[in-house]
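Worksheet for the structure shown next.
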Amino acid sequence: MGLFQRKKAAFLSWTLLHISAIKAFFRAVGLESLVLVRQFMRSNTKMEGKKPAIRNSFLIALGKCGVHFLPAAASITMLYINIKGYWIGAQMVAMHGESSVSIALLQLVAKMQELLIVASLATALFDILRFELLYGSGIPLGLLGSGITFTQISYFWSPDFLGALRYGISEKKKKKLCVCVALLLAGLLATTAGPASAILMIPRQQAWAAGTLDFYLNGTNNDFWPSQLTYEGQLQDWGISDCRNFKATSTAVCPAGGYHSLWDHFTASTIYNVNDVLYEVNNPDTRQVRMDIDSPLGYVPTHTISGNIRGLSLETWMYTTHAATDRLQKLLNDVWQSEIFQMRYSALHDRSRYEFFSTSTSTLRTQVPVVRVGCAPGQNLSEGQTTIEFPVVPPFDYWINTTNLSLPEILLNARRRDHAKITWFELPPDFGATTAGALVELPWDTYTSTRVAFGCSIDARWTDGIISYDGQAPHEAHILHTRPSKRDKEYLPDSNHWRRIAVDADWLAALTPPVPKTGPGYEPWDPSTIESIFHATGPTTCAFSQKNLSAHNQTYNWNHHSPSAITFTEYVLAIVFADGLSRVGSFRAFNTTVSPITSWLVQNYTNILDDRSLRPRRHSTTLPSLHAMKDDPKAMYKFRLFAM
């Protein structure tokens with residue numbers, strides 16, 4: 010019987026202890042009235058029992074810490090979500106279309122979190138003060154109300170606090186100094202709790218890493234970004250289309266595949282119209298240009314050519330994307346969007362809500378073509394003259410000087426023409442970092458055996474860049490490495506990352522083939538594509554505002570009355586050359602063994618994505634959608650997609 014009584018007493022003691030701990034918890038969180046409900050319902054005749062002043066119990070102490078649990082748990086949760094990241098969509102999905110209401114509610118919750126943090130800090134400070142009063146040697150009078158006034162920043166330079174701080178230091182009592190330090194920390198936390206809670210709790214619109222995928226191109230680096238670009242090494246004849254004849258303009262993978270888009274752009278733009286012959290651009294900022302290029306049948310995705318036209322302190326530079334990687338980037342982007350709309354919703358996996366994005370952008374780091382063009386002033390070239398000036402282009406600086414070049418024999422015996430003529434040829438090493446030279450001849454003078462002519466040097470490079478694509482706008486390139494010390498000259502090459510390109514005569518012929526008789530810009534004198542653009546946009550006539558001028562006067566008009574015509578010529582040459590380089594190796598993305606061309610499909614491609622490729626900050630996947638035909642590890646490229 011005695012054993013039973015002891016067990017019963019122990020059980021009652023254990024029960025009372027836990028009840029006391031629960032009561033302590035309710036008191037700590039400000040819900041003490043719930044504890045008193047039963048007492049209010051009991052008879053008032055019974056005398057109230059004694060209350061212990063001090064009780065030594067871990068459970069009761071833990072219960073009194075309840076005021077700290079809620080703000081601590083909320084803060085830890087918000088920190089975890091902000092550090093790890095959690096995608097909810099472009100808007101609050103639960104209140105779609107009412108983002109302002111959602112933000113207002115979150116601000117209210119953030120304010121409640123601030124109050125909970127302040128309450129937790131105040132409780133901790135009162136516990137410290139109580140401990141010092143009960144077990145220590147006391148505290149300065151100025152600190153008695155610090156558990157309430159610590160939320161006011163002005164308290165920390167008030168006489169009460171400064172006096173207490175002086176007392177703690179002068180008496181060399183470490184405990185008093187620790188109390189002051191605790192007050193300072195609590196005041197700092199209380200001051201920053203509000204802004205921090207709002208920042209952590211209110212979602213932000215930002216680029217979200219929505220997937221990463223490695224893929225391979227069907228070839229080697231030299232296949233797609235050759236330093237020595239030859240026609241035979243890069244192009245082939247597919248029976249119905251030779252990239253050197255008039256059919257080349259209707260084949261996207263040929264260097265001249267962008268001709269129709271270039272023609273439409275230049276002839277439609279009013280600033281290039283023949284009636285506006287001076288081409289004056291007074292504001293150098295307007296010389297920053299962008300042009301979107303479409304291609305036949307869509308085999309090369311629409312891409313943007315960007316750059317600068319030479320002004321007071323600029324050179325003419327144009328750069329664009331790489332068509333082979335553009336094509337695969339577009340496919341991967343389309344497959345990604347198809348996958349996210351088919352995923353089953355799950356609250357545990359934020360990637361199942363990727364379908365709620367407002368915009369998405371995929372980025373791809375690769376090499377892109379950059380083209381610089383410089384043209385010398387117009388010269389009076391007579392029928393028997395054997396030399397003409399060309400710009401000398403330094404490899405890593407802007408060009409200033411020109412030097413004479415002996416003309417090939419074929420040009421010395423050129424017949425007189427009433428139209429412009431552009432001839433490509435290779436420049437010797439004396440002319441610097443040149444890929445090719447272009448001799449531009451205006452129509453011959455009617456009465457003399459002379460014409461206005463000038464030489465242009467083309468400097469083409471491969472450099473590191475990033476191609477971005479948002480699923481709707483054209484693919485766009487961004488240059489990674491430039492020379493900051495020459496930034497005012499725009500896009501000057503960095504010696505460690507810019508690689509020069511050399512081309513052969515056959516590739517240049519494929520770049521500007523004859524205009525087809527059924528195509529835009531055709532003339533009876535069978536112009537090339539670039540001659541057609543040059544003829545239609547006006548530079549050939551802008552120097553001849555008066556009839557029967559001598560060639561000398563024509564040259565003067567060209568150089569002094571129409572200075573922007575030379576700049577425009579640089580622009581046309583750079584655009585055409587950059588677009589041609591962007592198509593290098595593009596045919597390798599397709600299975601070209603079938604005909605007609607409209608039957609070409611991307612080879613070695615599967616539209617099945619590994620689910621892990623949809624995970625944020627994922628650096629690779631074990632199931633590449635594209636793989637290389639040749640063993641070249643450098644042909645692997647990383648596809649990243651960001652959503653907002």
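Residue numbers (the working numbering): 10 to 653.
Idealized CB from N, CA, C, for every residue including glycine.
Q) Expressed to the nearest angstrom, what Euclidean distance is found between the alpha-carbon atoms of Leu186 and Ala173? A) 9 Å
Q.
Out of Asp427, Thr538 and Tyr225, which one is the CA nearest neighbour of Leu451?
A. Asp427
Q: State buried or exposed for Gln376, treating a residue as buried only when at least 16 other CB atoms are found within 10 Å of its CB.
A: buried
Q: Count the other C-beta atoms from every protein chain shown that fall within 10 angstroms of the C-beta of Pro168, then say buried if there are 16 or more, exposed otherwise.
A: exposed
Q) Are the beta-carbon atoms belonging to Leu414 and Thr396 less than 8 Å from one another? A) yes
Q | For Met352, the three-state DSSP class (helix, strand or coil) | A | coil
Q) Just the Cα atoms here: how many angstroms apart are Gly528 and Arg213? A) 51 Å
Q) Just curious, the alpha helix (DSSP H) that Phe399 is in, first and last residue? A) Element bounds for Phe399: not the alpha helix (DSSP H) but the beta strand (DSSP E), Thr396 to Pro400.
Q) Does the separation of the CB atoms of Ile148 and Val188 fall below 8 Å? A) yes
Q: Please name the residue in Gln161, Ala218 and Asp223 whose C-alpha comes closest to that of Leu194.
A: For Leu194, the nearest C-alpha among the options comes from Gln161.
Q: Return the residue from the list Ile431, Met352 and Ser458 that minimises the CA-CA distance to Gly393.
A: Ser458
Q | Gly480 beta carbon less than 8 Å from that of Gln346 | A | yes
Q.
Considering only the alpha carbon of each residue, which of His484, Leu114 and Ile476 lies closest to Ile302?
A. His484
(Q) Three or more C-beta pairs under 8 Å: does that hold for the region 320-336 against the region 578-596? (A) yes
Q | For Ala131 and Gly156, believed in contact at Cβ under 8 Å, the rounded distance | A | 5 Å
Q: Compare the beta carbon distance of Leu590 and Pro378 with 8 Å and say whether it is the shorter of the two.
A: Taking a C-beta distance under 8 Å as the contact criterion, Leu590 and Pro378 qualify as a contact pair.
Q) At a cut of 8 Å, does the region 574-582 reach the region 251-266 through at least three beta carbon pairs? A) No: the two stretches stay apart, fewer than three of their Cβ pairs being nearer than 8 Å.
Q: Grab me the residues of Leu416's own chain with a C-beta within less than 8 Å of its C-beta, minus the 5 sequence neighbours each way, in chain order.
A: Gln394, Thr395, Thr396, Ile397 and Leu448
(Q) Is it the case that the region 86-93 contacts the region 132-139, given that we only count it when at least three CB pairs across the two stretches are under 8 Å? (A) no
Q) Taking the C-alpha atoms as reference points, what is the distance between Arg374 and Pro403? A) 28 Å
Q | Where Pro438 falls, given that 16 or more other Cβ within 10 Å makes a residue buried | A | exposed
Q | Neighbourhood of Tyr531 by C-beta, 8 Å cutoff - its chain only, sequence neighbours within 5 removed | A | Val524, Pro525 and Ser541
Q. Where does Leu632 land, buried or exposed, given buried means 16+ other C-beta within 10 angstroms?
A. With a pLDDT of 29 at Leu632, under the threshold of 50, the modelled position of this residue cannot be trusted; read the value that follows with caution. When all chains shown are included, Leu632 counts as exposed.
Q) In the DSSP assignment, what residue or residues form a beta bridge with Thr375? A) Gly474
Q.
For Ala385, which residues in the same chain have their Cβ closer than 7 Å to its Cβ, ignoring the five residues on either side in sequence?
A. Glu398, Phe399, Pro400, Thr411, Phe463 and Gly464
Q. How should Ile539 be labelled, buried or exposed, when 16 other C-beta atoms within 10 angstroms of its C-beta is the threshold for buried?
A. buried
Q) For Asn568 versus Gly446, is the C-beta distance shorter than 8 Å? A) Result no, Cβ atoms of Asn568 and Gly446 do not sit closer than 8 Å.
(Q) Please state the DSSP three-state secondary structure of Cys465. (A) strand
Q. Which of the three DSSP states, helix, strand or coil, is assigned to Asp503?
A. coil
Q. Considering only C-alpha positions, which residue in the set Asp454, Gly383 and Leu489 is nearest to Phe586?
A. Gly383
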